[in-house]
Amino acid sequence: MSTDLTANPHAEAELRRCADALLDDLAVGAVPTAFPEDVADPSGHWLAPAIEALVLIMRGEESLEPLARAAQRDERRTALFLCLALAVAGQGDRIHASWLGTAFGELSLDRPVTHGQRALWLAAARGAYGPAGKIFVLRRLDAVAASPASEPGRWLRALVPDEPSTTTSPALAGFTALAELPELAAPVQAAARLAHLRDRCAEITSARENGGGDTAPRPDRTAAVGSEDEPLTALRRLVGADVPERPTRSLTDHLLDDLRPGSHPSLAAIALHVAAPIVREAAGDLADATRAEASESVTVPILGHHLTLRPEGPDAESLEIAERRVTTEGTPVLGRPWGAWLLLALAPVILTVALVLPLPPLAFLAPLPAVGGGYLLWHRRRRERAAAEGVVRRLAELGEQAQGAVWALHEYARESEERIGTAASDLAELTRLLRRGPRAG
């Protein structure tokens, strides 16, 4: 039959006015008393008998006749209208079990989730239809769950967006260059991220036990007014109200949003259940990364010199090259002291001239060049001694830091054993949390 209301504009206006008034009543918790008798029932359209059936259902009266007429005209829209309207009214327990399946339809990874499907999903997750509603949504989502190969990085970023990438090993806290080496940093960061992931999963799965789940059957209408996917907004769109259209989104995008911190606890629990195989696989990869074996030697800059460090100590060849560079760079190139020698040689020349001419006053000037030459030689010797002492200090510091880095690597190795054990424990706990899944009640 035709579902066109435009054939009778007056009937269309009256029916939509009635629907708008009904939805306004539901939004504030009012229960309609009766179906308006002056509202026309356009032949072939589902909305009028659906409204009549809804009113009778909410009053606890027999509704089979208008329900049959509405379903005959458009079974899916009728079921969707009744499920959403009863959820908004806080009477989701009055729906028939078959209505959810008819209203929800089939999900697919290849098709966007419709606004009606998302609205039913949200209402069921928040307890509008009781435990059976949550189980229904879980089964529909499980039927199209993504495989573990579905970009696990995206799912991890949704669950733990503030990745602890700056985490460093306590053993390497005093050796930044060592801590930044990828082969040493990666296991530490993997362990930290796994612990963060475990905490996030524990937070999601324990939300209900800690009072984070729904405590009342009525959905939160304050949030419903502002969200395109809430039951009330979907209802207005369904009855033809002037609601702005927004693009639909994929199932994966909805699940990723539900996993992000700040999402509704019940939605997060359902999304985590659906993504459990992906999360479990990613957690296993993180645990494996903590067991990565470090190479037998690492090359790291120490005091500007690249040294190769081994478990038994710094590599002799690289240390010798570094010490040679320290000695070369720390020893100033002064050249020969020609100036000092010239002044020292000038003193006897002046004295000889003063005696030969003779010029006694000139003899008093003869010691001055000797004093100047002696000072230059003394200053040169002082610089050489200071440079030699600086070289000794830098060589000692180089050796101490190299040996300290070796000991830090030994401590890192001991720390790795503890880190691997902790990661295995975290993985076991996370697996247990994922296996437990969301609670239907």
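Add 2 to the 1-based position in the sequence shown for our numbering, that's all there is to it.
We put the CB at the ideal spot given by N, CA and C, even for glycine.
Select from the options the residue whose C-alpha is nearest the C-alpha of residue i.
| i | options | result |
| --- | --- | --- |
| F83 | L24, P279 and A356 | L24 |
| L435 | E205, K136, L379 and Q119 | E205 |
| G392 | H381, P371 and T333 | T333 |
| E419 | A193, F138 and Y131 | A193 |
| L448 | L196, I422, T104 and R385 | Residue numbering for the chain in the displayed model covers 3 to 443; residue 448 lies beyond these limits and cannot be assessed. |
| V328 | V394, V351, A296 and E386 | V394 |
| W343 | A415, L361, V373 and V358 | V373 |
| L370 | R128, R382, V358 and I352 | I352 |
| A415 | D76, P313, L348 and A318 | P313 |
| H381 | P339, A347, L348 and H47 | P339 |
| A289 | D428, T354, F138 and I97 | D428 |
| R96 | V276, R437 and I59 | I59 |
Nearest-angstrom Cα distance between residue i and residue j?
| i | j | result |
| --- | --- | --- |
| L253 | E402 | 58 Å |
| P316 | L397 | 14 Å |
| E64 | A425 | 60 Å |
| G31 | Q93 | 10 Å |
| H266 | L183 | 40 Å |
| E185 | Y377 | 56 Å |
| T170 | S100 | 55 Å |
| P221 | C85 | Any reading at P221 needs caution, since the residue's pLDDT is 39, under 50, leaving its predicted position unreliable; the model's value is listed next. Going from the Cα of P221 to the Cα of C85 covers about 13 Å. |
| D164 | C203 | 15 Å |
| I422 | I323 | 37 Å |
| E325 | Q405 | 14 Å |
| Q191 | A294 | 12 Å |
| L361 | G337 | 37 Å |
| D6 | T207 | Legend: pLDDT at D6 = 46, less than 50; position of this residue unreliable, value from coordinates given subsequently. Computed Cα separation, rounded: 47 Å. |
| A181 | E153 | 29 Å |
| R437 | L240 | 38 Å |
| G155 | V162 | 10 Å |
How far does the alpha helix (DSSP H) with residue i in it extend, from its first residue to its last?
| i | result |
| --- | --- |
| I352 | W340 to V358 |
| T424 | P369 to R438 |
| I464 | Outside the modelled stretch of the chain, which goes from 3 to 443, sits residue 464, for which no answer is possible. |
| F177 | Neither: F177 is in no alpha helix (DSSP H) and is coded neither H nor E. |
| P172 | Unbroken run through P172: none, as it is neither H nor E. |
| L183 | It is not in any alpha helix (DSSP H) - L183 carries neither H nor E in the DSSP assignment. |
| I280 | A278 to T292 |
Look at the Cβ atom of residue i, then the Cβ atom of residue j, and state whether they are nearer than 8 Å.
| i | j | result |
| --- | --- | --- |
| A87 | L56 | yes |
| D22 | A243 | yes |
| T235 | P114 | no |
| L109 | A145 | yes |
| E54 | P68 | yes |
| L257 | A271 | no |
| A91 | A72 | no |
| L321 | L309 | yes |
| V276 | L143 | yes |
Can you pull the DSSP bridge partners for residue i?
| i | result |
| --- | --- |
| P316 | L311 |
| V30 | DSSP, once it has assigned bridges, lists no residue as partnering V30. |
| V300 | L311 |
| V115 | R251 |
Along the chain, where does the beta strand (DSSP E) containing residue i start, and where does it finish?
| i | result |
| --- | --- |
| T254 | Run containing T254: none in the beta strand (DSSP E); it sits in the alpha helix (DSSP H), L253 to L261. |
| V57 | Looking at the DSSP string, V57 is not in any beta strand (DSSP E); the run it does join, the alpha helix (DSSP H), is L49 to M60. |
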